[in-house]
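Participant:
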Amino acid sequence: MRVVCQRVLQAQVEVNGRQVGKIDKGLLVYLGVGKGDTEKDAQFIADKLANLRIFADEVGKMNRSVLDVGGRILLVSNFTLHGDCRKGRRPGFDAAAEPALAEELYEKVAALVVACGVGVEKGLFGQYMQVTSINDGPVTFLLDSTRLF
């Protein structure tokens with residue numbers, strides 16, 4: 089499971105011109121589910137998202153989590169995070185999970201984050217979306233449930 093996690097002051101997602109999710113201070117999270125991902129990967133990612141200390145404390149040190157600061161998460165599915173651009177000029181997506189599994193684990197991550205006490209807004213799985221955000225920092229992290237960066 090791969091994630092691009094951005095600290096934001098505001099983010100929103102629209103489908104067909106209709107807003108389907110919006111947050112103020114929090115995390116904009118793009119989530120890509122890969123072949124072979126399981127609920128164990130979902131649990132790892134959900135725990136990281138809720139507890140990763142990437143918000144500033146009173147002295148400016150990254151020492152607070154989204155949970156600590158009362159922020160929310162905007163979760164957006166994104167199979168292109170598993171795109172392979174090493175050969176040719178068009179990405180391949182063989183490493184991305186099939187849609188049924190991907191949607192199940194996407195929803196599982198959302199539910200697990202909520203269970204940690206963090207509010208979650210979501211995009212619409214499998215839909216073409218427009219995402220806008222105001223990045224804070226910018227602070228952006230890549231997370232992977234099976235690899236180290």
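Under my numbering, the letters of the sequence shown match residues 89 to 237, in that order. Every residue, glycine too, gets a C-beta built ideally from N, C-alpha and C.
So for L200, helix, strand or coil by DSSP?
Facilitator: Helix, per DSSP.
Participant: Tell me whether the beta-carbon of G122 lies closer than 8 Å to the beta-carbon of R90.
Facilitator: Yes, the Cβ-Cβ distance between G122 and R90 is below 8 Å.
Participant: Less than 7 Å between C-beta atoms, sequence neighbours within five positions excluded: which residues of the same chain meet that for Q100?
Facilitator: Taken in chain order, the residues that qualify are Q107, G109, K110 and T220.
Participant: Examine chain D for any beta-carbon lying closer than 8 Å to the beta-carbon of V206, and answer yes or no.
Facilitator: Structure shown: chain D not included; a single protein chain is present.
Participant: Under the rule that 16 or more other beta-carbon atoms within 10 Å means buried, what is R178, buried or exposed?
Facilitator: That one is exposed.
Participant: CB L193 to CB A130, shorter than 8 Å?
Facilitator: Yes, Cβ-Cβ distance for L193 and A130 is below 8 Å.
Participant: Is DSSP giving N223 helix, strand or coil here?
Facilitator: Correct three-state label for N223: strand.
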